[in-house]
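Just add 7 to wherever you are in the sequence shown, counting from 1, and you've got this note's numbering.
Glycine residues also receive a C-beta, built at the ideal position from the N, C-alpha and C atoms.
Working notes for the structure below.
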Amino acid sequence: MNRLNRALIALAVCAGFAAAGSVAAQQAPPQQEPLKPILTGKFVPPIRGLAEIQYIKPKTVRKGKQAVTTVQVKNISEAPIAGLTCSEMWYDKARALVPGGDKFVYKKLLQPQEVLTITLTDEIDSRMDSNNFQFTHANGQIKAKPVLKF
């Protein structure tokens with residue numbers, strides 16, 4: 008008797024699924040708008056290896072007990088530069104390295120033809136005579152070319 012009841016219940020459940028499937032097949036699917044892309048531009052991966060930039064001659068100004076140096080940089084490479092780093096080193100009159108110096112790291116991508124203003128701040132030391140800069144990026148070295156204006 009139990010087997011007969013279970014078989015009838017299973018048959019009723021299967022018939023219910025079959026009827027629900029035929030009703031769902033008769034309904035037309037709702038019309039959907041085509042998906043539009045969120046990003047309109049094309050992603051260009053950052054440059055690897057040697058990148059090229061131009062920079063305007065840095066200006067160093069004394070403000071209180073600090074030397075503030077401002078450098079303008081322009082990316083002239085075909086691709087963005089990731090992790091642009093500018094390190095400043097100070098030298099004395101005998102061209103010996105003076106301890107200190109500042110380092111700037113740009114955490115975004117520097118896009119092609121984009122101009123960036125870098126500000127470096129150092130505590131003034133009486134031995135400071137001249138400074139020098141080194142540019143690098145996350146994926147290699149940088150060829151820096153001085154220019155008068157962009």
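- Message: Checking 8 Å against the spacing of the C-beta atoms, do T124 and D109 come in under that value?
- Response: no
- Task: Indicate whether F140 and C93 have their beta-carbon atoms separated by less than 8 Å.
- Result: yes
- Task: Can you grab the Cα-Cα spacing for the pair P53 / I83, in whole Å?
- Result: 13 Å
- Message: Does I54 come out as helix, strand or coil in the three-state DSSP assignment?
- Response: coil
- Message: Give me the residue from E130, N138, V78, P87 with the minimum Cα distance to A103.
- Response: N138
- What is the residue span of the beta strand (DSSP E) that S137 lies within? 137-144
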